[in-house]
Amino acid sequence: MLYSSDFICSTPSLIEYLKESGFDTKTAHIGDLIEHPFSLLIPKYYADLIDWRDPDDPLRKMILPDKLEHEVKNYELADPIGDAVCSPTPGVVHRYPDRCLLMLTNVCAVHCRFCFRKNILDTNGAHLDKALAYIRAHIEIWEVIFSGGDPFMFTDHFMESIVSKLRRIPHVKMIRFHTRTPVVYPQKITPNLLASLQNAGPCSVVLHVNHPREITPAFIAVVSKMRTAGALILSQTVLLKGVNDHEKILGELFKKLVESGVKPYYLHHLDLTKGTHHFRISVARGKEIIQKLRGTISGLCMPEYVIDTPGGYGKIPVFWFSQIAKHT
Ligand code: SF4
C-alpha cells in the first residue's frame, strides 16, 4: 500500500518535514534548493537516514536537487545508454539477444538526481499488450528484466497479473526486477508482493544500493523476506563523486551487502546523463579505487565495474579499456 503522507514531494513539504524533525532551512542548509523539471521526491523513511546538519551528507546529495543539474555539458545525453535505438516497441528494450527490459512504469519511490533515465521518466508510453506480444514472438528471450521506473512500485494486483502473464510464456525462464524501493521505501515490500516473487518461479532482484548507510535493519529484514520467497538477490551500485568514490566506503558497502545476503553484481561508472557532471569521476580514478579494493576484500564482495556505452551498444567491463576516454 502506498501512502502519500510517506513522501516529501515539494519544497514546502520538505520544509514541513524538517520542521517536524527539529530543523529549519538554515540548520538543514537548504537555502539554495532549486526547482528542476525532475521533481523532488523523497520517502520520509529515507529522509530520516540523512544527517540534515551536514550539507555534504552523501545520502542528501543523491536526492536533493542541485543548481549544477542545470549545467549540461556538451558530451552529456538525454538518452545516455541508447534505450531508444534498442526499443522495438514502447516499453521494451531489446539490447542483448537472450534478454530484454520491460519498462511498464515511470514511477519510482525516490528521484535520484543522477538517474540515467531522468530525462525519459516522464515519457514512458509502454503499451502492455504490444510489449507482451513482442516477448511472445521472440523465442530467444530467456530473461525478462523489469526496469523503469521501479517495478516494485507496481500495485500488488498489477504485479501479480504481469508475473502470471510472463509465466505463461514458455521460453521466458527467468524474471528479474531492478529496484531501489527496498532501499528507500522498504515498507512497500508487502506480503502480496513477496507472494508474487514466490509465484514468479526462478527470479532475481537487483537492488540499487549506493552507500553503507542505506543498509539498515529494515532493509536487511526485507532482503531476508525476499530470499525466503525464493529470489536470488544481487545489487548494483553507481559510482558517485562525493557519495561513494572511496575504497573504504565501497568496501564497507560491499561487505555489508554480502553479510545481508546480497551479492554485489555491478558497479556502474556514471552514465553521460545530462546535468550530472558534478557526480562524475574519471574512469582512471574509478579503476584506482577498484584496484585498491581488490585484495583487501573477499572476491565474493567484488562487483564487476562496468560502463554502459552510449548508442545502445551495452555494458563493457571497464578493465577492458586500455585507452581512457577524455570525458568519462
Ligand atoms: S530509482 Fe532508479 S529509475 Fe528511479 S530515479 Fe532512482 S535511479 Fe532513476
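Residue numbering for the sequence shown is -5 to 322, as defined by my numbering. Beta carbons: idealized from backbone N, C-alpha and C, even for Gly.
### Task
Assign Y299 to buried or exposed, taking buried as 16 or more other Cβ atoms, counted over all protein chains shown, within 10 Å of its Cβ.
Residue burial annotation: Y299 is buried, with at least 16 other C-beta atoms found within 10 angstroms of its C-beta.
### Query
According to the neighbour-count rule (16 or more other Cβ atoms, all chains shown, within 10 Å of its Cβ), is K55 buried or exposed?
Of the other Cβ atoms in all chains shown, 16 or more fall within 10 Å of the Cβ of K55; this residue is therefore buried.
### Task
Could you check the C-alpha separation between T303 and N193 for me, to the nearest Å?
Distance between the alpha carbons of T303 and N193: 35 Å.
### Message
Please identify the residue among L71, I2, I129 whose C-alpha is closest to the C-alpha of D42.
### Response
Among L71, I2, I129, the Cα nearest to that of D42 belongs to I2.
### Query
Among all the DSSP beta bridges, which residues are the ones paired with Y260?
Paired residue(s): Q230, E298.
### Message
When you compare the region 138 to 145 with the region 94 to 102, are there three or more beta-carbon pairs, one atom per stretch, that lie closer than 8 Å?
### Response
Yes, the region 138 to 145 is in contact with the region 94 to 102.
### Query
Where does K268 sit, in a helix, a strand or coil, going by DSSP?
In the structure shown, K268 sits in coil (DSSP, three-state: anything other than H, G, I, E or B).
### Query
Is G289 near the ligand SF4, with its Cβ less than 7 Å from a heavy atom?
For the ligand SF4, not one heavy atom lies less than 7 Å from the Cβ of G289.
### Task
Taking only the alpha-carbon atoms, compute the straight-line gap between A22 and G236 and give it to the nearest angstrom.
One Cα belongs to A22, the other to G236, and the distance between them is close to 18 Å.
### Query
Going by C-alpha distance, which of A223, A225, E246 is nearest T231?
Out of A223, A225, E246, E246 has the C-alpha closest to the C-alpha of T231.
### Query
Among K281, L53, A212, R207, which one has its Cα closest to the Cα of F248?
F248 has its Cα closest to that of R207, out of K281, L53, A212, R207.
### Query
Alpha carbon to alpha carbon, what distance is there between P164 and H240?
About 45 Å.
### The beta strand (DSSP E) enclosing H88, as first and last residue numbers
86 to 90 is the extent of the beta strand (DSSP E) around H88.
### Query
Is the beta carbon of D0 within less than 7 Å of some heavy atom of the ligand SF4?
Remark: the C-beta of D0 is outside contact range of the ligand SF4, defined as less than 7 Å to any heavy atom.
### Task
Would you decide whether A225 is buried or exposed? Buried here means 16 or more other CB atoms lie within 10 Å of its CB.
It counts as buried.
### Query
Counting only beta-carbon atoms, is I28 nearer than 8 Å to chain E?
The structure shown contains no chain E; it is built from a single protein chain.
### Task
Spell out the partners DSSP gives P37 in its beta bridges.
The beta-bridge partner set that DSSP reports for P37 consists of F1.
### Query
With respect to the beta strand (DSSP E) encompassing M168, which residues constitute its N-terminal and C-terminal limits?
Taken as a continuous stretch (DSSP letters only), the beta strand (DSSP E) holding M168 covers 168 to 173.
#### Entry: beta-carbon D144 near the ligand SF4 non-hydrogen atom, thresh 7 Å
The closest heavy atom of the ligand SF4 lies less than 7 Å from the beta carbon of D144.
#### Entry: E208: first and last residue of the uninterrupted beta strand (DSSP E) it sits in
Taken as a continuous stretch (DSSP letters only), E208 belongs to no beta strand (DSSP E), as it is neither H nor E.
### Query
Taking 7 Å as the cut-off, does the CB of V104 come closer than this to any heavy atom belonging to the ligand SF4?
Answer for V104: yes, Cβ within range of the ligand SF4.
#### Entry: Counted within 10 angstroms of its Cβ, other Cβ atoms place P37 as buried (16 or more) or exposed
Counting of Cβ neighbours within 10 angstroms places P37 among the buried residues, the total reaching 16 or more.
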